[in-house]
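Step one of this worksheet: look at the structure below.
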Amino acid sequence: MDKNSRALLRLFSLRHICRRKRSSLDLPGLIREGDSRLKEGRLDPALKLYQKAGQIDPSNSAEKRSAMVYGMMGRYMEAIASINRAIDIDPSDHQAWMHRGFLFWRLERWYDACASFERAAALCPEDGYARHCISVTAKEMKRSKERSRRRSVRGEG
1 MDKNSRALLR
11 LFSLRHICRR
21 KRSSLDLPGL
31 IREGDSRLKE
41 GRLDPALKLY
51 QKAGQIDPSN
61 SAEKRSAMVY
71 GMMGRYMEAI
81 ASINRAIDID
91 PSDHQAWMHR
101 GFLFWRLERW
111 YDACASFERA
121 AALCPEDGYA
131 RHCISVTAKE
141 MKRSKERSRR
151 RSVRGEG
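This is how it looks when you write it as structure tokens:
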């Protein structure tokens with residue numbers, strides 16, 4: 001190989017390495033990679049990629065995805081912390097409020113779930129599903145109060 005060919009090869013290698021390093025810090029690339037891991041069912045690697053994306057640029061999108069993965073792992077308090085950060089970044093994101101409602105639902109924190117669904121419905125009045133979630137949560141809240149009342153009457157709680 002002649003001197004010019006070696007120089008071109010070295011230049012190409014350096015450009016390739018620089019491009020690869022740059023893309024590893026690329027926010028959309030990290031989120032896409034996290035999405036791929038999530039589709040494969042690999043929750044830990046997906047979460048790490050979303051967290052890395054959030055460190056580079058604390059974005060609503062990275063926090064919402066982290067919250068989703070935490071929720072799938074059953075780590076609801078961490079999921080709520082992430083979704084709250086997403087809401088702090090963009091309080092008008094009705095999907096983040098819906099996600100927050102579902103997380104509180106899983107914890108049977110009916111009042112908090114209902115409040116989150118109500119906020120989502122206020123932000124996006126055409127979302128009939130948010131109104132449905134409010135209705136279902138209100139019924140569940142009522143059932144929960146009745147169960148508590150019955151237990152206290154029987155002296156169980």
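Under full-length UniProt numbering, the sequence shown has 111 at position 111, and the numbering climbs by one with no breaks. For every residue, glycine included, the Cβ atom is placed at its ideal position computed from N, Cα and C. These numbers were taken from a predicted model, which means no experiment stands behind them.
- Annotation for leucine 27: Ala53, Ile56, Asp57, Ser59 and Ala62 place their beta carbon closer than 8 Å to its own, counting only its chain and skipping 5 residues before and after.
- Assignment of leucine 107 by DSSP, reduced to helix, strand and coil, places it in the coil class.
- Residue range 128-154 is occupied by the alpha helix (DSSP H) that includes methionine 141.
- Within the region 41-83, the complete alpha helix (DSSP H) runs of at least 4 residues fall at 43-56 and 60-72.
- The three-state reading of DSSP puts cysteine 124 in coil, since its state is none of H, G, I, E or B.
- Put simply, of Ile31, Asp88 and Asn84 the residue whose alpha carbon is nearest the alpha carbon of glycine 101 is Asn84.
- Look at proline 28 here: in three-state DSSP terms it is helix.
- Listed in chain order, the non-local C-beta contacts of alanine 121 below 7 Å within the same chain comprise Asp127, Ala130, Arg131 and Ile134, local neighbours out to five positions each way being set aside.
- Take glutamine 51, set aside five residues on each side of it, and the residues of its chain with a beta-carbon closer than 7 Å to its own are Ser66, in chain order.
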